[in-house]
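Protein chains in written order, with the numbering used here: chain B, 48 to 245; chain G, 48 to 245.
C-beta atoms are modelled at their ideal positions from N, C-alpha and C, and glycine is treated no differently.
See below for the structure under consideration.
Number of protein chains: 2
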Amino acid sequence: MTTITTRDHIVAAANQLFYRQGYEHTSFADIAGEVQISRGNFYYHFKTKDEILDAVIGARMAETQAMLDEWEAESESPADRIRSFIHILIANRTDIKRFGCPVGTLTTELAKLNHPSQAGATELFSLFRAWLSVQFRALGCKKDADRLAMHILARSQGVATLASAFGDEKFIRREVGEMCDWLAWIAAAAGSEEQEKS
Amino acid sequence: MTTITTRDHIVAAANQLFYRQGYEHTSFADIAGEVQISRGNFYYHFKTKDEILDAVIGARMAETQAMLDEWEAESESPADRIRSFIHILIANRTDIKRFGCPVGTLTTELAKLNHPSQAGATELFSLFRAWLSVQFRALGCKKDADRLAMHILARSQGVATLASAFGDEKFIRREVGEMCDWLAWIAAAAGSEEQEKS
DNA sequence: GACGGATTAGGACGTATGTCCTAATAACGA
DNA sequence: TCGTTATTAGGACATACGTCCTAATCCGTC
C-alpha cells in the first residue's frame with residue numbers, strides 16, 4: 048500500500064501551479080495555500096524553491112514514462128503508438144488551450160531564467176524524443192527515425208503554442224488530423240521501401 | 048530627422064530584456080541599468096510596468112509590420128514571400144536557439160500571468176497570420192489560405208521551441224528545408240488547380 | 001538673462017517573497 | 001509510559017521590487 052505523503056501533495060500542487068502560472072510566478076505561499084499547510088511545514092520538506100522544481104520535474108519524468116509504457120502496452124503497431132502521442136493534443140485540449148504544453152512552456156521559462164534545471168526540463172523532451180525514435184524505427188524508418196521524432200515533436204509544440212494564443216480548439220483537431228495523415232504517408236512509404244528490399 | 052528619445056531607449060532595452068529574460072523576470076532596475084538612467088527618470092516616462100509592456104508590444108507591432116512590408120516589396124511572388132517568412136528561423140537562429148521565438152514566448156508567458164496585455168501579444172501573431180493568409184490566397188489557395196497560414200505559423204513555433212530546448216542549429220536548417228519543400232508542393236498543387244479551372 | 005516646462009536623479013515606502021529559526025505536536029519504538 | 005524522532009505551525013528576517021515623491025538640472029523662449 049502506498050500512502051500519499053505531505054511531500055507528495057506538495058509536489059502535486061506545485062506541478063499544477065507551475066504549469067498554470069509558471070515557475071517564477073508561483074510562490075511558496077501559493078503552494079502552501081493549495082495544500083493547506085503552513086510555510087514552515089513546507090520548509091521542512093523542501094529547503095529551496097529549486098528543490099521543489101527538481102521534484103516536480105522528477106514527478107513529470109515518472110508520469111511521462113508511465114504514459115509511454117502504457118501506450119507501448121496498449122498497442123502492438125508503432126503507427127498506433129505514435130498516433131497515441133499525437134492525440135494527447137486532443138485529450139489535453141482544455142488545458143493546452145489555456146496553458147500550452149507543460150513541457151514546452153517549462154523549458155522556455157527556465158531558458159529565460161537561465162535556471163540550473165534547464166537540462167532536467169529538456170530531459171522531458173528527450174523522453175518523448177527517444178520513445179518516438181524507437182517507434183519510427185520499428186515502423187521501418189531506420190535512418191530517419193530521430194529526424195521524424197523531432198519533426199512530430201516540433202509540430203505538436205507549435206500546435207500547442209498557437210492553440211493557446213488563439214484559444215482555438217478546431218485548429219487543434221485540424222492539425223492533429225494532418226499529423227495523422229502525414230504519419231500514414233510516412234508509414235506507407237516505409238512499408239513500400241521494406242518491400243523493395245525483399 | 049527623427050531623434051532617438053530616452054523613451055525610445057527604454058522601450059528598446061525593455062524589448063531586448065523581455066525577450067531574453069522574460070517580462071516578469073525583468074525588473075525596472077534591469078532596464079534602467081541597461082539604459083543607464085535612474086529609476087526616477089524611468090518613472091517619468093512610464094508609470095507602471097504594464098505601460099512599458101504595452102509600449103514594447105506596440106514597437107514590435109511596428110517592427111513586424113515594417114518587415115512584412117519589406118518582404119512584400121522585395122519579391123513579387125507570393126511563394127518567395129512565404130519563404131522569407133520561413134527563413135527568419137535561420138536569420139535569427141542564434142537568438143532563437145537561446146531565447147526561442149519572441150512572439151511565442153511572450154504570449155505563453157502572458158497567458159500564465161493572466162496578464163491584461165495577452166490580447167496585444169496575440170495581435171503580433173495575428174499580423175503574421177493575416178499576412179501569410181494574403182500570400183497563400185495570392186498563391187491560389189483561396190479557401191485554405193488561413194488554414195495554411197496557421198499551419199506554417201505553428202510549425203515555425205514548434206521549430207523555435209525545440210531548437211531552444213536542444214540548442215540544435217542543424218535541426219532548424221533541416222526543418223526550414225522541409226517547410227520549403229512543403230510550400231513548393233502546396234504551390235504546385237494550387238497551380239495545377241488553377242489550370243484545371245481555365 | 002530670467003522664467004517655465006521638460007527631463008533627470010535619488011531616495012522613501014509598502015508589499016511580497018524566499019529563507020530560516022524555534023517551539024509545539026504527533027508518531028512510534030523500547 | 002517514557003523518550004526520541006518526525007512532522008507541523010507560526011513567525012522573524014533580509015532582500016528585491018513596483019510605485020511614488022521631491023528636489024535638482026537642462027533647455028528653449030521671451
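Contacts with chain G at 8 Å (Cβ-Cβ) include Met197/B. Under the 8 Å criterion on CB atoms, Thr154/B is classed as interfacial with respect to chain G.
Of all residues in the segment 126–151 of chain B, only Arg145, Phe146, Gly147 and Gly151 come within less than 8 Å of chain G when Cβ atoms are compared, listed by chain position.
In this structure, the beta-carbon distance from Thr208/B to Thr169/G does not fall below 8 Å. Secondary structure of Asn88/B (DSSP, three-state): helix. Between Ile135/G and the set Thr152/G, Asp55/G, Glu123/G and Leu115/G, the nearest pair of CA atoms involves Leu115/G. Interface residue (Cβ-Cβ distance to chain G less than 8 Å): Val58/B is not classified as such. Per DSSP, Gln182/B is one residue of the alpha helix (DSSP H) stretching across Gln165 to Ala185.
Secondary structure of Tyr70/B (DSSP, three-state): coil. The DSSP-derived three-state label of Gly80/B is helix. Of the residues assessed, Gly214/B falls on the exposed side of the cut-off, its CB having fewer than 16 other CB atoms within 10 angstroms.
Against Gln68/B, the close residues of chain G are Lys159, Leu160 and Asn161, in the order they occur along the chain (beta-carbon pairs closer than 9 Å). Pairing Ala126/B with Leu186/B gives a Cβ-Cβ distance under 8 Å.
Boundaries of the alpha helix (DSSP H) harbouring Lys144/G: Arg140 to Phe146, taken from the DSSP string.
With respect to the C-alpha of Lys159/B, the residue from Asn161/G, Gly147/G and Ala158/G having the closest C-alpha is Gly147/G. Just so you know, the alpha carbons of Ala234/G and Leu179/G end up roughly 14 Å apart.
In this structure, the straight-line span from the alpha carbon of Arg107/B to that of Val206/B is close to 21 Å. Secondary structure of Gly105/B (DSSP, three-state): helix.
Across the structure, Thr73/B and Ser122/G are spaced so that their CA atoms are roughly 47 Å apart. Shown in chain order are the members of the segment 219–238 of chain G whose Cβ falls below 8 Å from a Cβ of chain B: Arg221, Glu222 and Glu225. Cβ contact annotation for Ile137/G (same chain, cutoff 6 Å, sequence separation greater than five): Val223, in chain order. Between Met226/B and Arg202/B, the CB-CB gap stays under 8 Å. Residues of the segment 68–85 of chain G with a C-beta atom less than 8 Å from some C-beta of chain B are Gln68, Gly69, Glu71 and His72, listed in chain order.
The beta carbon of Glu81/G sits closer than 6 Å to the beta carbons of Ala60 from its chain, once the five residues preceding and following it are set aside; these are given in chain order. At a C-beta separation below 8 Å, Arg184/G has no neighbours in chain B, since its nearest C-beta there lies roughly 18 Å away. In the same chain as Ile78/G, and ignoring 5 residues on each side of it, the C-beta atoms closer than 8 Å to its own belong to Ile57, Ala60, Ala61, Leu64, Phe89 and Ile99, in chain order. Distance from the CA of Lys94/G to the CA of Leu153/G, rounded to the nearest whole angstrom, comes to 21 Å. With distances taken between CA atoms, Leu174/B lies nearest to Ala196/B out of Ile133/B, Leu157/B and Ala196/B.
When Cβ-Cβ separations below 8 Å define contact, Arg107/G makes no contact with chain B. Around the beta carbon of Arg54/G, fewer than 16 other beta carbons sit within 10 angstroms, so the residue counts as exposed. Here the alpha carbons of Ser124/G and Arg130/G stand approximately 10 Å from one another. Within chain B, the residues Thr154, Thr155 and Ala158 have their CB atoms less than 9 Å from the CB of Ser211/G, given in chain order. The Cβ of Leu100/B sits no closer than 8 Å to any Cβ of chain G.
Per DSSP, the unbroken alpha helix (DSSP H) holding Gly205/B starts and ends at Ala192 to Phe213.
Not one beta carbon of chain G lies nearer than 8 Å to the beta carbon of Val103/B. Listed along the chain, the chain B residues whose CB falls inside 8 Å of the CB of Arg194/G are Arg221.
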